Structures are given as structure tokens and as C-alpha cells.
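A.B. asks: Chains as they are written, first to last, in our numbering: chain B, -1 to 215; chain E, 27 to 142. For each residue, glycine too, the CB sits at the ideal point set by N, CA and C. Values in this document were obtained by computation on a predicted structure and should not be read as measured data.
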């Protein structure tokens, strides 16, 4: 007989939210009367933001025409209006072992990006890269995220919102309700918004659960 | 090490409490995930391998009920948590002694899971 039965859902969103035990939808009941009031208030009031990424990869090692050891490239554009539109790039090539760049967009620009087509986004990203690295070639593969439209995610990750104490909210969210435990980046008072925070709070919860399960044995 | 911890926590090392420093150390270790072929995804998959037969994918949890003992059918264990989920359009149930919810905050905000 299995010791405990848990539905386990594993997700990888490159560097966000690696582990989700439950794969859920938004068509449920929008009330959770059995959750304590302070936990529900934290859920309702914590900041939950949007970041999207456009990941470019090249098969040919010689396609790497940017500084290999620089992790970030930030493009300054001539106008304020375009300064946040796919102008931040992460260079993960040395971690992946092949040429790859990830363009980031956050906040309102990330929401706006979700209304654009793949071609529109790819063109903007490539134009920004060409402005920095004129000899850059077309990538072999492009992956574009639209986390706000994914019903199993509905955004990117938590952020400290003005007027709330993030550590208090994260702590409320992490607090177990009887035998129901909570983990994830938003429950991490120190490493929110990161896979590290998700991983560490998951490990913390698992240890607490194991302790509870073996308490009477 | 001291520098990275101070940068991580925005406080002087003389003022950081031990727990925070310990947390910082743990985070620094996690950066070693950034090795080709390792990464959080591969590592999580490796952890999950021994439990592959207990892992259910593409199952949407709709309710976590810790009040109703035995799910009303008289067969449940005392103190069991009943989890309702939808798989392939069919609502199914699972029982657990303990449950860990790691749904994204946005999903909790949307009330996608009914906690009873």
C-alpha cells in the first residue's frame, strides 16, 4: 500500500516555477471559505506580475557573435516608448552549451506583447539585437512565452506590492492548513520570484510533511 | 561568500542572522544548477524517476477537501484529505494523508481550486 497518495505535477518554465503539484484551471469556484482569512487576504492582495521571454537558439557554434562571458545585454533605444520593449537580453550560451539569447519583457510591455504575433515579436527582438550586434544571423529556433494567457499559470511570479509587507504575505501563504501544505516561489520570504525559492520551499514543506507522517510511527 | 551573501540580503554580514546566512548559502549552491546538462529541470526529473508510477500528469485539481472524512462512501481513512481532479474530462477522486499545493499564486488568486 502506498504510504501517501499525492498527485504530482511537474512543470518546467525554464527558470520559473519548476514544481507544481497541481495542474489546475480557472473555471473553479472563486471562493475558498475554508482557508484562514489571513491566508485568503494574502492571496488576494499579493503582487503577481507578468514577464515574458523570447528565447532564441542557434545550431552553429560560430553564430555566437556577442561577448561569450557577458551575461546581460541591455539596449538603450532613442525613445522612452520603446525602451522597455524586448531590450533586455540574457546570454545563457555557456550554461546551455550552444548559442542562445533570451529576450525579456516585463510589466505592461509584457501584457502588450501577448497581443502580438510570433512574427511581430521575433522581428522586434531581432531588430534590437541587430542594433547591438550587426552581424548576428537569424536563429534556428524561437520560443515565445505568453504566461498571462496560460490558464495553469496566469502570470509569471509574485512581487512585493506597495502597501503590503511581502514577508508577512509569503509567510501567510506558506502556512499549512491542517494537513494541506503550501510551497512555491510566492511562499518564499527570501527568494521569491525564483526557482530557488520554489525549490527550497518545496523541500521545506516535504520535510514537514514527512515529519508529520512519521510522528506517530 | 560573505560578499555574495551581503549582496543577496542587502545587509552587513555582522547584522545578518544565522538563518538568513544559511539560506544564502543554500541559494549559492543552487547556482551550480547552471551547468550544461544539469539545471533544475533535469534535476527535478531525476528526483521524480523512482516515483514515476505515482505521478499523474494533465490532471486538473478542482477541490481539496479536508473536512469530509472518507468522501462520504464510508471507505475512507479517518483524517484523509479528498482531492477531486479532472482527467480527460472525467472527474476523479484521490485520498491523501497530506497534500502539498504549489499552484502559482495567479491560480490561487483565480480561485481555481476549491478548498473545503
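I need the straight-line Cα distance from residue 41(B) to residue 204(B), nearest angstrom please.
C.D. replies: What you label residue 41(B) is simply residue 43 of the first chain in a count that begins at 1. What you label residue 204(B) is simply residue 206 of the first chain in a count that begins at 1. Looking at the two C-alpha atoms, the distance is approximately 22 Å.
A.B. asks: If you draw a straight line from the C-alpha of residue 113(B) to the C-alpha of residue 152(B), how long is it?
C.D. replies: The residue given as residue 113(B) occupies position 115 in the first chain. The residue given as residue 152(B) occupies position 154 in the first chain. Distance between the alpha carbons of residue 113(B) and residue 152(B): 15 Å.
A.B. asks: Work out the CA separation of residue 96(B) and residue 56(B) for me, nearest whole Å.
C.D. replies: Numbered from its first residue, the first chain carries residue 56(B) at position 58. Numbered from its first residue, the first chain carries residue 96(B) at position 98. So the two alpha carbons sit approximately 7 Å from each other.
A.B. asks: Residues in the stretch 39 to 54 of chain B with C-beta within 8 Å of chain E's C-beta atoms, listed in sequence order?
C.D. replies: The residues in question are 41, 42, 44, 46.
A.B. asks: Distance check for residue 45(B) and residue 160(B), CA to CA, integer angstroms please.
C.D. replies: For the purposes of this step, residue 160(B) is identified with residue 162 of the first chain, where counting begins at 1. For the purposes of this step, residue 45(B) is identified with residue 47 of the first chain, where counting begins at 1. Roughly 9 Å separates the two Cα atoms.
A.B. asks: Does the beta carbon of residue 7(B) sit closer than 9 Å to a beta carbon anywhere in chain E?
C.D. replies: Along the first chain, one-based indexing puts residue 7(B) at 9. Confidence in residue 7(B) is poor, its pLDDT being 31 and thus under 50, which makes the residue's placement unreliable; the coordinate value appears in the next sentence. Taking Cβ atoms only, chain E reaches closer than 9 Å to residue 7(B), which makes this a yes.
A.B. asks: By the 9 Å beta-carbon criterion, what residues does the stretch 108 to 133 of chain E contribute toward chain B?
C.D. replies: So the list reads 109, 111, 112, 120, 121, 122, 123, 124, 125, 126, 127, 128, 129, 130, 131, 132, 133, given in the order they occur along the chain.
A.B. asks: Is the stretch 137 to 149 of chain B touching the stretch 164 to 182 of chain B in the sense that three or more CB pairs, one from each, lie closer than 8 Å?
C.D. replies: No, because fewer than three Cβ pairs between the stretch 164 to 182 of chain B and the stretch 137 to 149 of chain B fall closer than 8 Å, the two stretches do not touch.
A.B. asks: In chain order, what residues of the same chain have a beta carbon less than 7 Å from the beta carbon of residue 68(B), not counting five sequence neighbours either side?
C.D. replies: As a first step, residue 68(B) is located in the first chain; it is residue number 70 there, counting from the start. Answer for residue 68(B): 89, listed in chain order.
A.B. asks: Give the secondary structure of residue 140(E) by DSSP, where H, G and I count as helix, E and B as strand, and everything else as coil.
C.D. replies: Within the second chain, the letter at position 114 stands for residue 140(E). Three-state result, residue 140(E): strand.
A.B. asks: My output table needs one value for residue 53(B): the three-state DSSP class, helix, strand or coil.
C.D. replies: Position 55 of the first chain, counting from 1, holds the residue named residue 53(B). Strand.
A.B. asks: Okay, do the stretch 190 to 202 of chain B and the stretch 169 to 182 of chain B touch, 3+ Cβ pairs below 8 Å being the bar?
C.D. replies: Yes, they touch.
A.B. asks: State the start and end residues of the unbroken alpha helix (DSSP H) segment that holds residue 96(B).
C.D. replies: Start at 1 with the first residue of the first chain, and residue 96(B) comes out as number 98. Residue 96(B) -> no alpha helix (DSSP H), and no H or E assigned at all.
A.B. asks: Which chain B residues sit within Cβ distance under 9 Å of residue 93(E)?
C.D. replies: Stepping through the second chain from its first residue, residue 93(E) is reached at position 67. In chain order: 32.
A.B. asks: To the nearest angstrom, how far is the alpha carbon of residue 98(B) from that of residue 60(B)?
C.D. replies: Numbered from 1 along the first chain, position 100 holds the residue referred to as residue 98(B). Numbered from 1 along the first chain, position 62 holds the residue referred to as residue 60(B). Going from the Cα of residue 98(B) to the Cα of residue 60(B) covers about 12 Å.
A.B. asks: With a cut-off of 9 Å, does the C-beta of residue 41(E) fall near any C-beta of chain B?
C.D. replies: To locate residue 41(E), count along the second chain from 1; it is residue 15. With a pLDDT of only 47 at residue 41(E), under the threshold of 50, the placement of this residue in the model should not be trusted; the figure read from the coordinates follows. Not closer than 9 Å to any Cβ of chain B, the Cβ of residue 41(E) fails to qualify, so no.
A.B. asks: Is the distance from the Cβ of residue 147(B) to the Cβ of residue 37(B) below 9 Å?
C.D. replies: Position 149 of the first chain, counted from the first residue, corresponds to residue 147(B). Position 39 of the first chain, counted from the first residue, corresponds to residue 37(B). Not closer than 9 Å, so no.
A.B. asks: By the 10 Å Cβ neighbour count, where 16 or more other Cβ atoms means buried, how is residue 128(E) classified, buried or exposed?
C.D. replies: As a working note, residue 128(E) is residue 102 in the second chain. By the 10 Å Cβ count, residue 128(E) comes out buried.
A.B. asks: Rounded to whole angstroms, what is the Cα-Cα separation between residue 64(E) and residue 72(E)?
C.D. replies: Taking the first residue of the second chain as position 1, residue 64(E) is located at position 38. Taking the first residue of the second chain as position 1, residue 72(E) is located at position 46. Spanning the two alpha carbons is a distance of roughly 10 Å.
A.B. asks: For residue 131(E), which of 58(B), 145(B), 207(B) has the nearest alpha-carbon?
C.D. replies: Taking the first residue of the second chain as 1, we reach residue 131(E) at position 105. Out of 58(B), 145(B), 207(B), 145(B) has the C-alpha closest to the C-alpha of residue 131(E).
A.B. asks: Within 9 Å of any Cβ in chain E, is that where the Cβ of residue 152(B) sits?
C.D. replies: Position 154 of the first chain, counting from 1, holds the residue named residue 152(B). True, the Cβ-Cβ gap to chain E drops below 9 Å.
A.B. asks: With a 10 Å radius around its C-beta and 16 neighbouring C-beta atoms as the bar for buried, classify residue 117(E) as buried or exposed.
C.D. replies: As a position in the second chain, residue 117(E) is number 91, starting the count at 1. Label assigned to residue 117(E): exposed.
A.B. asks: Spatial neighbours of residue 141(E) within its chain, please: CB distance less than 6 Å, with the 5 preceding and 5 following residues excluded, ordered by chain position.
C.D. replies: Residue mapping note: residue 141(E) aligns to position 115 of the second chain, counting from 1. Around residue 141(E): 90.
A.B. asks: Quick check: what's the CA-CA separation for residue 74(E) versus residue 133(B)?
C.D. replies: Sequence index remark: in the second chain, residue 74(E) carries index 48 (1-based). Sequence index remark: in the first chain, residue 133(B) carries index 135 (1-based). Whole-angstrom Cα-Cα distance: 43 Å.
A.B. asks: What residues in its chain sit with their C-beta under 8 Å from that of residue 70(B), if we drop five residues either side in the sequence?
C.D. replies: Along the first chain, read from residue 1 onward, the residue named residue 70(B) stands at position 72. Cβ within range, chain order: 86, 87, 88, 89.
A.B. asks: Note down, in chain order, every chain E residue with its Cβ under 7 Å from the Cβ of residue 169(B).
C.D. replies: Position 171 of the first chain, counted from the first residue, corresponds to residue 169(B). Under the 7 Å cutoff, chain E gives no residues; its nearest Cβ is about 13 Å from residue 169(B).
A.B. asks: Are residue 169(B) and residue 191(B) touching if we call contact CB-CB under 9 Å?
C.D. replies: In the first chain, residue 169(B) corresponds to position 171, counting from 1. In the first chain, residue 191(B) corresponds to position 193, counting from 1. Not in contact: residue 169(B) and residue 191(B) (Cβ atoms no closer than 9 Å).
A.B. asks: Check the Cβ-Cβ distances between residue 211(B) and every residue of chain E, and say whether any is below 9 Å.
C.D. replies: As a working note, residue 211(B) is residue 213 in the first chain. With 9 Å as the cut-off, residue 211(B) counts as an interface residue toward chain E.
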